[in-house]
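Per numbering that gives the first Met the number 0, residue 0 is the first one in the sequence shown, and the count goes up by one each step.
Backbone N, C-alpha and C fix where the C-beta goes; we use that ideal spot for every residue, glycine too.
Here's the structure we're looking at; comments come further down.
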Amino acid sequence: MAQRGGQQQEIYCAVSNCHYYQSGHKCRAEKIMVCSDPIAHKMPDTMDATNSQQFPESPCNSCMETACKTFVAKEDPTRDGVNKL
Ligand code: SF4
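Here is the structure:
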């Protein structure tokens with residue numbers, strides 16, 4: 000479960016084919032990186048939560064414009080080249 004300021008943070012996600020997905024719609028990643036869709040398209044898959052400071056600010060107008068950069072398919076969790084936390 001993710002930590003924020005020493006407090007536990009719960010992240011719920013329904014993307015069931017993600018490597019980090021856990022039954023009950025829970026995300027078991029220690030850190031996730033969320034950005035706008037256009038930035039998610041521009042940045043390579045290797046850019047993730049550990050590189051968060053290298054992401055530009057990317058304001059959005061609705062939730063439909065956001066993307067989880069931490070997603071990686073269950074079938075091939077090495078595909079994004081990120082060391083899994
Ligand atoms: S890493 Fe992102 S897509 Fe994957 S379960 Fe967590 S929140 Fe959902």
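task = Consider the C-beta atom of Phe54 and the heavy atoms of ligand 1; say whether any pair is separated by less than 6 Å.
result = no
message = Among the candidates Pro76, Asn60, Ile31, Ser57, whose CA atom is the shortest distance from the CA of Asn50?
response = Ile31
request  = Please determine if the region 6-15 and the region 35-47 are in contact, where contact requires at least 3 C-beta pairs separated by less than 8 Å.
outcome  = no
inquiry  = Using only CA atoms, which one of Tyr19, Tyr11, Ala13 lies nearest to Asp75?
reply    = Tyr19
task = Compare the C-beta of Pro76 with all C-beta atoms of chain D and state if any pair is closer than 7 Å.
result = Here chain D cannot be found, since the structure has a single protein chain.
inquiry  = How far does the alpha helix (DSSP H) with Ala39 in it extend, from its first residue to its last?
reply    = 36-41
request  = Would you mind sorting Thr77 into buried or exposed? The rule is 16 or more other CB atoms within 10 Å of its CB.
outcome  = exposed
task = Could you tell me the distance, in whole angstroms, from the CA atom of Gln52 to the CA atom of Ala66?
result = 17 Å
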